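Heads up: the structure comes next, in structure tokens.
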Amino acid sequence: EDQVTQSPEALRLQEGESSSLNCSYTVSGLRGLFWYRQDPGKGPEFLFTLYSAGEEKEKERLKATLTKKESFLHITAPKPEDSATYLCAVQALARAGNMLTFGGGTRLMVKP
Amino acid sequence: DVKVTQSSRYLVKRTGEKVFLECVQDMDHENMFWYRQDPGLGLRLIYFSYDVKMKEKGDIPEGYSVSREKKERFSLILESASTNQTSMYLCASRKGGGWGYTFGSGTRLTVV
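Chains as they are written, first to last, in my numbering: chain F, 1 to 112; chain V, 1 to 112.
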């Protein structure tokens, strides 16, 4: 069974204080790993897709990396507007319909 | 950009009522999905559809059914709403053979 675990569940940072969010996964063959951002009361918004170990993607203050067992979302010098829940999801080769399995999310709060 | 529209942001229904949640996408995507999101449990797949009139059960289909009569519209039906179906419901769509999902803004359903 595919499993995705995100840590920490919640993270409080001061503005400018860099940190990383973790996504550990177990799948029977990874097709892709996805990061989404979700603001309160809204649907998740796509950030990145990573396909193979060693791959990195960047967008503004965010950088996602991937190994064979986990992915990190690095946040450099965060701002209050980066406050949101960040979701990780995996797409397994063996799973019918290429469906995504989601982790529980990390709720990030950045204080000014 | 693909737009996924969920007809209601907030709904309050009584136990035993039949509830319809509607989702429409405007980019001719083949695949559509219904998830529910609960604190501590993350996103869980209820049903998905490959194409018109095609549907497959997800991880938690009990108590739900779906309808896809037109390619752009995917409806989630609660035949007899119960309090344990109080949740945030998220619709998503994806082009056939594609990767990540595009989500709607969600419907927060409260069953009293």
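We treat Cβ as the ideally placed atom computed from N, Cα and C, and that holds for glycine.
On a predicted model such as this, the values are computed, not experimentally measured, just so you know.
For S105 (chain V), the neighbours in chain F by C-beta distance under 7 Å run, in chain order, K42, G43.
Straight-line spacing of the CA atoms in L11 (chain V) and Q38 (chain F) works out to 20 Å.
Residues of the segment 44 to 55 of chain F that bring their beta carbon within less than 7 Å of a beta carbon in chain V comprise P44, F46, T49, in sequence order. Listed as beta-bridge partners of H74 (chain F) by DSSP are F:S20, F:K63. Straight across, the Cα-Cα distance linking K70 (chain V) with T106 (chain F) is about 36 Å. Following the DSSP letters along the chain, one finds L100 (chain F) inside the beta strand (DSSP E) bounded by residues 100 to 102. At a cut-off of 8 Å between C-beta atoms, F72 (chain F) does not count as an interface residue with respect to chain V. Taking a cut-off of 8 Å for Cβ pairs, the segment 76 to 84 of chain V and the segment 49 to 60 of chain V do not touch, as fewer than three such pairs fall below it. Counting of Cβ neighbours within 10 angstroms places Y51 (chain F) among the exposed residues, the total staying below 16.
Restricting attention to F:L11, F:T5, F:S19, F:T26, the CA atom closest to the CA of K68 (chain F) is found in F:T26. In the three-state reduction of the DSSP assignment, T83 (chain V) falls in the helix class, which pools H, G and I. In this structure, L43 (chain V) sits away from Y50 (chain V), with a CB-CB distance that is not shorter than 8 Å. Beta-bridge analysis with DSSP links I77 (chain V) to V:F20, V:S65. Chain-order list of chain V residues neighbouring G29 (chain F): empty, with the shortest C-beta distance near 15 Å, by a criterion of under 8 Å. Counted as a single uninterrupted DSSP element, the beta strand (DSSP E) harbouring T49 (chain F) occupies residues 45 to 50.
For M99 (chain F), a Cβ of chain V is located within less than 8 Å of the residue's own Cβ.
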